[in-house]
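J.: Pasting a structure below so you can have a look.
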Amino acid sequence: MNNIAPKLSAKEYEKNFSELKPALTPIAAMAEANRCLYCFDSSCMTACPTHIDISTFIKKITSGNMKGSAKTILSSNWIALTCAKACPVDVLCEGACVYNDKGEKPIQIGKLQRHVMDWYVEKGMPALITPAQKNGKSVGIIGAGPSGLACGAELSLMGYDVTIYDANKKPGGLDTHGIAPYKMKQQDSLNEVKMIQKLGVKIKSNVLVGKDLSIEELEEMHDAIFIGTGLPKPTDLMISEKGIKGVYDALEFVKDVTARKWKNVNVGKRVAVIGAGNTAIDAATEAKRLGADEVYMIYRRGREQMSAYDFEFELAKSDGIKFYFHSQPKRIIGKNKVEALECIKMRIVNGKLKPIPKSEFKIPVDMIIKAVGQNIDESFLLKIPKLKLKDGTVIVNQKTYQTKNPKYFAGGDCINGGKEVVNAAYDGKQAAHGIDQWIFAKNTK
Amino acid sequence: MVDLSINCGGIKSPNPFWLASAPPTNSGYQICKAFEAGWGGAVWKTIGAPVMNVVNRYGAIDYNGQKIIGLNNIELISDRSIEINLKEIAETKRLWPDRAVVASLMVESDRQIWHDIVKRTIDAGADGIELNYGCPHGMSERGMGSAVGQVPEYCSMITEWVTEVSTIPVLVKLTPNITDIRFPGRAAKKGGAHGIALINTINTIIGVNLDTFEIEPSRGGKGGHGGYAGPAVKPIALHMVSEIARDPEINLPISGIGGISNWRDALEFILLGASSVQVCTAAMHYGFRIVEDMNEGLTNWMDEKGFTSLDQVRGKALPNVSTFGDMNLLYKDVARIDEKKCIQCNLCYIACEDTAHQCIDLLSKKDKKQPTVRESDCVGCRLCYIVCPVQDCITMVHKDNGNESKTWNELTKELPQPMSLEDLRAFQHKHGIEIH
Ligand SMILES: Cc1cc2nc3c(=O)[nH]c(=O)nc-3n(C[C@H](O)[C@H](O)[C@H](O)COP(=O)(O)OP(=O)(O)OC[C@H]3O[C@@H](n4cnc5c(N)ncnc54)[C@H](O)[C@@H]3O)c2cc1C
């Protein structure tokens, strides 16, 4: 990089990456829990993709039944700790809280769930549900992200022997390597992984299925297989960057930041982030908090079309990120290192996005972060016989999560094209039941 | 493994949580739904004399944004026929043989009529009978309910009419609208009761409308007293339960009732001697689902404390119920304010300054005023501790060395009687206690 932003002091890093939403004190948690109306068949429960019985877990906080509260949460969602800290609650449970209709502040459901899950971790994550007897069947799971972990946890309690294979050294998928550090600590995700291992789920790290372990070997060992591989391939920008240093993929960059190894992450003084989704916002915000002087976000379309949530956009704005809307990157300028990003202005003509002729402009930058989306690993997935893909996702039955190859089930980002942790958690749990039904039906035939 | 099962005077249930005889137990449909949710037992809505209800039966007190801290009602006993109720008892018992189904009864004060209904109840298959001597409205005017509970002689007479024919356990449910609860309790014992259930509701007027001058809730302009239940009555109930539990003349199993909203409340009743507990208002506020947390919370608590059965827990707090005369006059606690936690709301200061013993000073510290206890003057009344909104900010700190003890009962024996103020002052002075 041409101009690397000077390193911050350890204190500054901790301050910049401290939690945006700190924990409630026990008293505040109790007061907030007591404010909950304990609605029946509650709208927050419906809004939660995993349908946690929210008002019940909150009611249990008020009676001091923390263990019961944790059980209520976990019996719907195995990834509840990460979800408590990383879920977009404004558009999910808290957005649906009936207090909004009363013109009052919604219950801080995310923080209350965190209050319970922090307690649970602190207590050493005691067993809450008695597992069924071992049934002698084995399931292999590709990917230790939230979908794979949830699927494994549920299957393990049902009596299955479960092994998860993950290409990474540290399990947890994007929960471990993607979620912005000011939302949660990597250790939170690793604790969640530990909890799931305590249920009997085995995790084999550093195993890239398709390379270190073949599909045939996997099929040999397991009665069914769950695919929770997420979106490991970055989208190509279609502009040449060959031989120019200072161009990064968002996930690559974010992964180093979540590890909180500040000394290892270099950030340019001026950074351009290409894209405008939640990942792009995370990357931009993280770059700024690492000490970049200027961070720009470059997006082809306008504010209205941005897929990032409002609160993410607001966070970026308050961090001083500058936005170039209706601007398309055209060329990276620089000899060996990035010097500038050339963009062209865009407009809509007859409903189509078109460049405005001769509207090119240059933004001098030292670093470019590409955050224009992630994709499934088609070359890997197509090794699985009969598996069908469509629009960059794996096709599954909406109820059973079974793929076109009956032995394979799938869930998470690889079937929805990239949503939230909570969706992956739900998919994994539901898929476990799909797998169970299929294996059970096969054996009773 | 924790076992929550109980036996209350011969009535057994898999957990101590029963629904009290009230609107939640009006029908077999409701009770079966409650059992589905996990309730251990239910006392059927009182069956008996024909009645007719009015509308706007319930009134409630909300306090600082919390709904229903107290609920008052003038609903009468079941307005369904005895036949239908008994038929549904039989059906419910068939579907739920392991749960306690207790029939609450209230008929005219006539021995034959009582004999008749008791026999029919037994034939229906109820596990036990609860005698409603509590209803403070509507029925009492007709010589039933609290009209019985308030007169010990009636209480033992009717109980006797029931127990002389009953082959199943009989609980007597007492009214708290009486000066000393032990008298009707003893009367029930005399009549052969197998257990005591308490408390029924308390006479109350819930409020007055400032615009119409009507009594709340108004029934076409008219209102009046009703029976009060809900969280607000719990302390009254706890006291009365402890009185019954400690009375050596009574010595009967207890079904505790009054403001129980969660497992913690229930546990307090059990610690004071209750075998089963009954819940009404909390179920009316939130539905039968509350029992999940009750069963789970109690189990988890027992697990944590290392108890396996409620027999090990029941009555554990009773030895600590004492009377004033047996408390140590030389035991000394003073209030202490943790300045790190203090938010300078100064509520402790003004409470002490205006209404207690003027021993908290507002000391200027930097740009703040810090309430500080003058410990030498603190009488340890605990008012500041109670008004403080911050948890663990004010604590009562133990000050004496624990070597000296003198109770009022001991003191009155030692000092010349009648006790003079001078003698008492001399005793206080000797122990460093100065009255300002
Ligand atoms: C930067 C970023 C920030 C995000 N922030 C949030 C947020 O704040 N809140 C939120 O709810 N969601 C957030 N998300 C989305 C969320 O992380 C995903 O929706 C979720 O992690 C998807 O879970 P998954 O199980 O499908 O896949 P992943 O979490 O992606 O896990 C897939 C796992 O599969 C492994 N894998 C892939 N292929 C193979 C193979 N062939 N062999 C072995 N292992 C393989 C990978 O190593 C990885 O560990 C964010 C995403 C990103 C990229």
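Chains as they are written, first to last, in my numbering: chain A, -4 to 440; chain B, 83 to 518. A virtual CB, placed ideally from N, CA and C, is assigned to each residue, including glycine. It should be emphasised that the depicted structure is a prediction, and the values quoted were computed from it without experimental measurement.
Give the interface partners of A/N72 over in chain B, defined as CB-CB distance under 7 Å, in chain order.
T.: In chain order: nothing, as chain B lies at least about 18 Å away.
J.: Among the candidates A/K312, A/K258 and A/V268, whose CA atom is the shortest distance from the CA of A/E9?
T.: Comparing Cα positions, the closest option is A/K258.
J.: Is it right to say A/G131 is buried, meaning 16 or more other beta carbons lie within 10 angstroms of its own, or is it exposed?
T.: Under this definition A/G131 is an exposed residue.
J.: Given that B/N344 touches chain A, what residues does it touch there, using C-beta distances under 7 Å?
T.: Near B/N344 (Cβ distances below 7 Å), the residues of chain A are S58.
J.: Leaving aside the five residues before and after A/N95 along the sequence, list all residues of the same chain whose C-beta is less than 6 Å from its C-beta, in chain order.
T.: Answer for A/N95: P101, listed in chain order.
J.: Return yes when the C-beta of A/S64 is under 7 Å from any heavy atom of ligand 1, and no when it is not.
T.: A/S64 Cβ: outside cutoff for every heavy atom of ligand 1.
J.: By how many angstroms is the C-alpha of B/G397 removed from the C-alpha of B/E386?
T.: B/E386 and B/G397: Cα-Cα distance of roughly 19 Å.
J.: Does A/F404 come within less than 8 Å of chain B when only Cβ atoms are used?
T.: Judged by the 8 Å Cβ criterion, A/F404 is not in contact with chain B.
J.: Please report how far the alpha carbon of B/N108 lies from the alpha carbon of B/S160, in whole angstroms.
T.: Distance between the alpha carbons of B/N108 and B/S160 is about 7 Å.
J.: On the premise that A/I364 lies in contact with A/V252, defined as a C-beta separation below 8 Å, what is that separation, rounded to the nearest angstrom?
T.: That belief does not hold up - the Cβ atoms of A/V252 and A/I364 are roughly 11 Å apart, past 8 Å.
J.: Count the other CB atoms within 10 Å of the CB of A/D277; is the residue buried (16 or more) or exposed (fewer)?
T.: Its Cβ being crowded by 16 or more others within 10 Å, A/D277 is buried.
J.: Is the Cβ of B/Y431 closer than 8 Å to any Cβ of chain A?
T.: No - not a single Cβ of chain A is within 8 Å of the one on B/Y431.
J.: Indicate whether B/G91 and B/L253 have their beta-carbon atoms separated by less than 8 Å.
T.: Yes, they are a contact pair.
J.: Can you check which of these residues, A/Q369, A/P401, A/K378 and A/K402, is closest to A/D386 by C-alpha distance?
T.: When each option's Cα is compared against that of A/D386, the closest is A/Q369.
J.: Is the CB of A/F35 under 8 Å away from at least one CB in chain B?
T.: By this cut-off, A/F35 is an interface position.
J.: Going along the chain, which unbroken runs of the alpha helix (DSSP H) with 4 or more residues stay wholly within the segment 398 to 451 of chain B?
T.: Within the segment 398 to 451 of chain B, the complete alpha helix (DSSP H) runs of at least 4 residues are 429 to 437.
J.: Nearest to B/D262 by CA position, among B/V233, B/R301 and B/H439, is which residue?
T.: Checked all of B/V233, B/R301 and B/H439; the closest Cα to B/D262 is B/V233.
J.: If A/S50 and B/N344 are in contact, beta carbons under 8 Å, what's the gap, nearest whole angstrom?
T.: Incorrect: roughly 14 Å between the Cβ atoms, too far for contact.
J.: Could you check where the alpha helix (DSSP H) with A/C338 kicks off and where it finishes?
T.: It is not in any alpha helix (DSSP H) - A/C338 instead sits in the beta strand (DSSP E) that spans A335 to V344.
J.: Does the structure place the segment 200 to 207 of chain A close enough to the segment 34 to 43 of chain A that three or more beta carbon pairs sit under 8 Å?
T.: No, the segment 34 to 43 of chain A is not in contact with the segment 200 to 207 of chain A.
J.: Just tell me which of B/A185, B/G388, B/C470 and B/A399 has its CA closest to the CA of B/M83.
T.: Selected option, being the one with the closest Cα: B/G388.
J.: Express the C-alpha separation of B/M226 and B/G220 in angstroms, rounding to a whole number.
T.: Rounded to the nearest angstrom, the two C-alpha atoms are 9 Å apart.
J.: Along the alpha helix (DSSP H) that carries A/S142, what are the first and last residues, could you check?
T.: Unbroken alpha helix (DSSP H) run through A/S142: P141 to L152.
J.: Within the 8 Å Cβ cut-off, does B/E173 reach chain A?
T.: No, B/E173 lies away from the interface with chain A (no Cβ there is under 8 Å from its Cβ).
J.: Can a CB atom of chain A be found closer than 8 Å to the CB of B/G289?
T.: With 8 Å as the cut-off, B/G289 does not count as an interface residue toward chain A.
J.: Under 8 Å between the Cβ atoms of B/C362 and B/L158?
T.: Not a contact, by the Cβ cut-off of 8 Å.
J.: Would you say B/Q473 reaches chain A, if we count a Cβ-Cβ gap shorter than 8 Å as a contact?
T.: Yes - at least one Cβ of chain A is within 8 Å of the one on B/Q473.
J.: Counting only the same chain and skipping the five closest in sequence on each side, list residues whose C-beta sits under 6 Å from that of B/Y310.
T.: Contacts found: G152, N154, T283, I284 and T286.
J.: For a contact meaning CB atoms closer than 7 Å, what does A/K54 contact in chain B?
T.: The contacting residues are D375.
J.: Please list the terminal residues of the continuous beta strand (DSSP E) segment that includes B/S95.
T.: From DSSP, the beta strand (DSSP E) with B/S95 extends over I93 to S95.
J.: Closer than 7 Å, Cβ to any Cβ of chain B: which residues of the segment 7 to 41 of chain A, in chain order?
T.: From the segment 7 to 41 of chain A, only I22, Y33 and F35 have a Cβ closer than 7 Å to chain B.
J.: According to DSSP, is A/V111 helix, strand or coil?
T.: In the structure shown, A/V111 sits in a helix (DSSP, three-state: H, G or I).
J.: Does the segment 291 to 303 of chain A come close enough to the segment 332 to 349 of chain A to have 3 or more Cβ pairs within less than 8 Å?
T.: At 8 Å Cβ cutoff, the stretches touch.
J.: Among the candidates B/H367, B/A364, B/V323 and B/M366, whose CA atom is the shortest distance from the CA of B/N350?
T.: Rather than Asn, the amino acid found at residue 350 of chain B in this sequence is Glu. Out of B/H367, B/A364, B/V323 and B/M366, B/V323 has the C-alpha closest to the C-alpha of B/E350.
J.: Is the segment 452 to 465 of chain B close to the segment 482 to 489 of chain B, with three or more CB pairs under 8 Å?
T.: Flag = no, the segment 452 to 465 of chain B and the segment 482 to 489 of chain B do not touch.
J.: State the start and end residues of the unbroken alpha helix (DSSP H) segment that holds A/T41.
T.: Note, A/T41: alpha helix (DSSP H), S38 to A42.
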